[in-house]
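Protein chains in written order, with this note's numbering: chain A, -11 to 300; chain B, 41 to 397; chain C, 10 to 333.
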């Protein structure tokens, strides 16, 4: 037997090893963000969707600069030969009822809509997270905030947005304000619940016995644990705000004719659904593509940022 | 001697996929379970003791698989079962498990009674009325007073000990052949623990099932076990009757476990402690897995895996120390005359009597 | 009454802790009094829900008290403290938690975990001294400097608990509340952590409040034991006295339930179940009273008489045993 060969007289003598040997951790060093990216990129759909998101973002921020599209430029309004042109090489999405290039218009619109949605999401998330943190931590804040929450959440969101947009007149910043003015409270409420779940875990008590302040505990102990749920909430908010902009423009309380937005395009072109379907279908398709790709990327990233998914 | 083997494990190897690496959690374990006996599997977390018994009911985590070996139960190799339907014929029905945390086994939104009778209806084909009768009887059996009235209560209305009793009742509803108790009392208080252990022992007699007890508490082992298997780093390193393991242990790891019992410590003196940390699954194990922590390791321990040496007909240990060529080593002083030392503890004189002098 | 020249480090007087849940009040700790002397290990033993953890947390300031005093070195500490005072208390009183998996911040490196307390009060001159303190703390618990950049979940349970000990010790405290520091650990690891705590006790003259449910560990580790049941201390005695002459029925049932790691003893033992409803509770309201020097039992006059008879019997038996 080959094993027997390994045995010699020396084999059965005592042999001491350094105590610290068994303390060495042989698992490869762990890094949170590396694991997040690795998990994220292990999903093929996520990669495809990420490429789409990147393309959409690039298109909507670069294309309008090149095309120099102006929604109020109606130079072809008296030139019927440029109206209702079907998609072609010159006009990939065709032209509309006053001869504007729909391709240029859609990307300019996407820029506005994305800008509104992203700004509203950022405001909602930042305010919501900060308020939610203290809300979840302090009993006194909780007593006040829960009443505020009850009042606001009992008024329909659409009604609030409509009233604000009517009183403030139409405009991009007004719309952003209207969208984020009350929606932060549901993010805050969501964060509050999460905070309450992990607030009393032993490691937070330990931090307190070591003299850590509430602010330090919030930023070092709680926030890192909420990355995953925050990404989930963001990935829901962006498409949500895009569709809200579309919806508001559709019912006529969103933006004015002065700027292009996906909502306005869909709204104005809806009446040509029968006669020139491309005018309606293509903008809707782009809107859907933006929402879905953003949502899937966000959800996959949320999963990837949950350390429980890093083991496999 | 004729032994009735109810479950037989041969050369079992279990692997897990973790962060792109295949790690071996169980390394060639063979073990026969004798019918009607209580086998205690002792080991620390990560030793593979839970993984080992999970293979008997097909409950390995999704990233784990049996990569080698066989498990024979009722003449069939159950390690090859892949279909969940086939597992349902065994899991819960013939081999039931009681887990550490009773809340994980109970559905919080269903009544206690519903959860017990559901199992009876499903596996024994009884009617609703009959099932309720049996369920109430079972609840009384596991020591729930006023069972008929508590039948419609929800798990949260029960205390931890009571919940564990219910889990046991559910496990017994199908009259299993084998009951796996995976640290059933670790989450419970000592006084409740003592009662649950007693209950399982009584029920084992009455229902005639074989018990596999997973624990790291040597006190519990001493109480319940007929046979003890000591696991370390995915292997069984020592196996024997309970008295053999406590009074005549052979493996340095078993020595270490017994020596570090706080009961054997003299106040003020240092307690014996096994050095270091058990190996993680990421660690490549060569030779004897315990060697880096052992005080008795020899050169060969780092090169070759020791075979199972026979100590007696019922007692085996996997250590090179039992090789005839190895130097003679006696077990540590601390655990010699273990029984006498423990006896002395139960009747050790207090300071009062000294004060009287 | 007791003439000891030992210095009282912590004095708990008539402590009461009340929790309010959905406007329902629940008294978790009722009229608890005990003293801990400097340099001793005082154990608080009881089952879950007995209030032992609540007492420990009240001492370290995590739970608010509803009545009574907690006096540390002659200063009341269960009230609003100034910034300077609470810094003093944080430095002097530290805690070791039960579950090492739950008590370390999973998203922080070991280096951060250990230095957390140091950073809060800037207990170092410069970065070099900070690193030195971290390294020394790691070394004192048998961990390696290379562990600093690792995350808690990469460690085994025993290693994590040693990190928990290290982060408390780095503050150089005088008094440690150890809340079941080993019950979540594997048997082979428990001894390591106990030895470590013992080492610090000797080296630094620490005083411990050791909260536990396992009497076998307490016997080895502590000097005096208080048994607590349902928020009330039922018996206090020096360790050996409590094991030799347990008087309160609850103490007896607790002693009985701990399984001995010896098959011959275990297989022949009979279980005593403590059931308060079956006890004779007649007579006036019981109080914690001294029965023999240093041995206190929660009792009234009638029970005192019974316990005295019982005690006499036990002492007789023990004498016989010694002679025989």
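Beta carbons are placed, not taken as given, at the ideal position from N, Cα and C, and that holds for glycine. Predicted model only: the values in this text are computed from it and were never measured.
Please confirm if residue i has its CB atom under 7 Å from at least one CB of chain A.
| i | result |
| --- | --- |
| residue 322 of chain B | yes |
| residue 340 of chain B | yes |
| residue 334 of chain B | no |
| residue 299 of chain B | no |
| residue 317 of chain B | yes |
| residue 337 of chain B | yes |
| residue 55 of chain B | no |
| residue 366 of chain B | yes |
Cutting at 7 Å between CB atoms, please list the residues of its own chain near residue i, excluding the five before and the five after it.
| i | result |
| --- | --- |
| residue 155 of chain B | 146, 147 and 210 |
| residue 69 of chain B | 49, 52, 92, 275 and 276 |
| residue 36 of chain C | 25, 27 and 240 |
| residue 311 of chain B | 300, 302 and 305 |
Quick check: is the beta carbon of residue i nearer than 7 Å to any beta carbon in chain C?
| i | result |
| --- | --- |
| residue 139 of chain B | no |
| residue 313 of chain B | yes |
| residue 200 of chain A | yes |
| residue 119 of chain B | no |
| residue 144 of chain A | no |
| residue 179 of chain A | no |
| residue 256 of chain B | yes |
| residue 194 of chain A | yes |
| residue 15 of chain A | yes |
| residue 197 of chain A | yes |
| residue 297 of chain A | no |
Do the CB positions of residue i and residue j come within less than 7 Å of each other?
| i | j | result |
| --- | --- | --- |
| residue 191 of chain A | residue 112 of chain C | yes |
| residue 105 of chain A | residue 226 of chain A | yes |
| residue 268 of chain C | residue 369 of chain B | no |
| residue 302 of chain B | residue 217 of chain C | no |
| residue 255 of chain B | residue 270 of chain B | no |
| residue 257 of chain C | residue 243 of chain C | yes |
| residue 123 of chain B | residue 151 of chain B | no |
| residue 230 of chain B | residue 205 of chain B | no |
| residue 79 of chain C | residue 86 of chain C | yes |
Is it right to say residue i is buried, meaning 16 or more other beta carbons lie within 10 angstroms of its own, or is it exposed?
| i | result |
| --- | --- |
| residue 290 of chain C | exposed |
| residue 247 of chain B | exposed |
| residue 371 of chain B | buried |
| residue 303 of chain A | Nothing about residue 303 of chain A can be reported from this structure: the residues present for chain A run from -11 to 300 only. |
| residue 161 of chain A | exposed |
| residue 148 of chain C | exposed |
| residue 122 of chain C | buried |
| residue 94 of chain B | buried |
| residue 324 of chain B | exposed |
| residue 113 of chain B | buried |
| residue 172 of chain B | buried |
| residue 258 of chain A | exposed |
| residue 21 of chain A | exposed |
| residue 365 of chain B | exposed |
| residue 261 of chain A | exposed |
Leaving out the 5 sequence neighbours to the left and right, which residues in its chain are closer than 8 Å to residue i when beta-carbon positions are compared?
| i | result |
| --- | --- |
| residue 133 of chain B | 163, 214 and 216 |
| residue 65 of chain B | 54, 55, 56, 88, 91, 104, 274 and 321 |
| residue 165 of chain C | 198 |
| residue 95 of chain C | 70 |
At a Cβ threshold of 7 Å, is residue i touching chain B?
| i | result |
| --- | --- |
| residue -2 of chain A | yes |
| residue 15 of chain C | no |
| residue 137 of chain A | no |
| residue 2 of chain C | Since the first residue of chain C shown is 10 and the last is 333, residue 2 of chain C is not available in this structure. |
| residue 5 of chain A | yes |
Between which two residues does the beta strand (DSSP E) holding residue i run?
| i | result |
| --- | --- |
| residue 216 of chain C | 216 to 221 |
| residue 88 of chain C | Note, residue 88 of chain C: premise wrong, no beta strand (DSSP E); not H, not E. |
| residue 280 of chain B | 275 to 281 |
| residue 212 of chain B | Not the beta strand (DSSP E): residue 212 of chain B falls in the alpha helix (DSSP H), residues 200 to 212. |
| residue 70 of chain B | 61 to 74 |
| residue 24 of chain C | 17 to 30 |
| residue 357 of chain B | 355 to 357 |
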